[in-house]
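Asker: Residue numbers for the sequence shown follow the working numbering, so the first one is 542 and each next one is one higher. Quick one: this structure, given as structure tokens, is what I'll be asking you about.
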Amino acid sequence: MLKILLAFFFMTSMLSLSAIGPPLMPEFEEEETFFEKSEEEGFDWITNGTYELPYSHSSLTIPHDHMLLMGEEAKRFQALYRGWEEDNIEAVLIDNTFENVLYFSHFKEGYVVNDWSEIDPDSLIEVIRENIAKENEQREEGDDDLYVKGWIQEPTLGRYSNSALWIINVLCEDGDDAVNAIVLKFGKEGHEKICSISPKATYKPVGGTLDLVLRSYNYNQGFRYKDYSRGERQADYGMTELIAATIGAELIEEPVDQPISGPLLIFKTYGGLIFLCFFIFLFKKNYLIKT
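Structure follows, in structure tokens:
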């Protein structure tokens with residue numbers, strides 16, 4: 542299963558890799574677990590307290606039985622399991638079973654205007670299915686395919702929380718069932734992307750890792766969405782366009798030989814992250830993490 546997931550993961554990442562070449566995978570001894578590899582690398586896990594994330598001017602309280610990495614430690618963790626560093630990653634949160642994983646990425650593109658308009662969830666889920674189907678066609682013989690079962694939560698704007706959320710259910714051909722949630726939390730200077738993955742069997746919409754995090758995560762005063770003042774920097778796109786581009790509904794709106802901007806830039810930025818957490822989840826299962 543790890544082999545097919547890596548193939549899928551890296552193919553979805555190649556849009557952002559064209560300039561730097563293919564990633565290098567970490568080397569694992571036979572049956573070496575995710576947790577054992579993490580311990581071997583000496584990561585400085587934080588297990589309690591409230592902390593300011595390093596790039597977004599936001600704060601997070603670590604839920605009980607969870608662990609946090611921030612800044613360079615988060616980048617190092619991500620690089621170990623992804624093969625290269627992502628500058629936007631500012632934190633990684635994992636529960637003590639290593640089954641529920643959250644990645645925090647900050648994008649400082651300016652204030653994203655609330656231009657929320659009608660989004661067709663049926664069309665968007667079909668875009669996701671089509672993209673995964675294309676990757677399935679390129680898998681090697683014997684590799685398991687991935688399938689999008691559908692929405693658990695269609696894209697929704699929280700007008701009072703200044704955030705957007707969508708959740709999908711993904712199935713691996715061998716029967717593994719996962720829940721992938723994406724949250725965009727908007728602030729004065731840009732937005733935070735929170736990517737969450739959980740096994741379907743243990744996913745909790747209330748009281749689960751993502752729910753607990755969203756209850757405590759907030760921008761600090763002076764950096765909240767409502768702290769924006771007229772004349773300060775704005776993004777070149779609004780919330781609706783950002784959400785569509787994040788999902789991959791509008792991949793290219795300009796010639797590829799032109800400078801990258803707008804939706805194409807956002808898709809290139811997110812292309813390798815949309816399903817990043819599936820790698821972590823299925824990798825753990827493949828290496829028989831003991832809890």
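By construction, the Cβ of each residue, glycine as well, lies at the ideal position given by its N, Cα and C atoms. Just so you know, these numbers come straight off a predicted model, no measurement behind them.
1) Which two residues bound the contiguous beta strand (DSSP E) that contains Asn710?
2) Would you tell me roughly how many angstroms separate the C-alpha atoms of Leu806 and Glu730, rounded to the nearest one?
3) Below 7 Å CB to CB, which residues in the same chain sit around Pro746 once its five sequence neighbours on both sides are set aside?
4) Run through DSSP, which three-state label would Arg670 get?
5) Among His598, Gly651, Asp686, whose alpha-carbon lies nearest the alpha-carbon of Gly763?
6) Between which two residues does the alpha helix (DSSP H) harbouring Thr750 extend?
7) Less than 9 Å between the C-beta atoms of Ile723 and Trp692, yes or no?
8) Work out the CA separation of Lys734 and His647 for me, nearest whole Å.
9) So if DSSP puts Pro740 in a beta bridge, which residue, or which two residues, is it bridged to?
10) Measure the beta-carbon distance from Ala632 to Ala615 and round it to whole angstroms, keeping in mind my assumption that it falls under 8 Å.
11) What number of angstroms, rounded off, separates the C-alpha of His732 from the C-alpha of Lys726?
12) Quick check on DSSP: helix, strand or coil for Leu783?
13) Who are the near neighbours of Gln775 in its chain, counting only those whose CB is closer than 7 Å to its CB and skipping five residues on each side?
14) How many Å lie between Gly612 and Asn703 at the Cα?
15) Go through the segment 585 to 649 residue by residue and report every complete run of the beta strand (DSSP E) that reaches 3 residues or more, in order.
16) By a C-beta neighbour count over all protein chains shown, 10 Å radius and 16 as the cutoff for buried, is Tyr760 buried or exposed?
17) On a CA-only basis, which of Leu610, Phe639, Ala742, Arg700 is nearest Asp717? Give me that one, please.
18) Comparing C-alpha positions only, which one of Ser737, Asn677, Tyr769, Arg765 sits nearest to Val754?
19) Check for me: the beta strand (DSSP E) holding Tyr688 runs from which residue to which?
20) Measure the C-alpha to C-alpha separation of Pro595 and Tyr688 and round it to an integer number of angstroms.
21) Pro740 and Val720: beta carbons closer than 9 Å?
22) Using the Cα positions of Trp586 and Gly749, report the straight-line distance between them to the nearest angstrom.
23) If we ignore side chains and look at the alpha-carbon of each, how far apart do Asp656 and Asn629 end up?
Answerer: With the structure as the only source:
1) Start and end: 704 to 713.
2) Residue confidence for Leu806 is low, a pLDDT of 35 falling below 50, so the modelled location carries little weight and cannot support an answer.
3) Excluding positions up to five away in sequence, the list reads Asp752.
4) Collapsing the DSSP output to three states places Arg670 in a helix.
5) Cα-wise, what sits closest to Gly763 is His598.
6) First-last of the alpha helix (DSSP H) with Thr750: 750 to 757.
7) No, these two residues do not count as a Cβ contact at 9 Å.
8) A direct Cα-to-Cα measurement between His647 and Lys734 gives close to 6 Å.
9) According to DSSP, which records beta bridges pairwise, Pro740 is partnered with Ala719.
10) Right, their Cβ atoms sit about 5 Å apart.
11) Cα to Cα, the separation comes out at about 5 Å.
12) Here Leu783 sits in helix by DSSP.
13) The residues are Gly651, Tyr652, Val654.
14) The straight-line gap from Cα to Cα measures roughly 24 Å.
15) Here the runs fully enclosed are 591 to 593, 599 to 602, 607 to 611, 630 to 636, 642 to 648.
16) Tyr760 comes out buried.
17) It is Ala742.
18) In terms of Cα proximity to Val754, the closest of Ser737, Asn677, Tyr769, Arg765 is Ser737.
19) For Tyr688, the uninterrupted beta strand (DSSP E) segment begins and ends at 687 to 699.
20) A direct Cα-to-Cα measurement between Pro595 and Tyr688 gives close to 36 Å.
21) Taking 9 Å as the Cβ cut-off, Pro740 and Val720 qualify as a contacting pair.
22) For Trp586 and Gly749, the distance between alpha carbons rounds to 20 Å.
23) Each residue's alpha carbon lies about 25 Å from the other.
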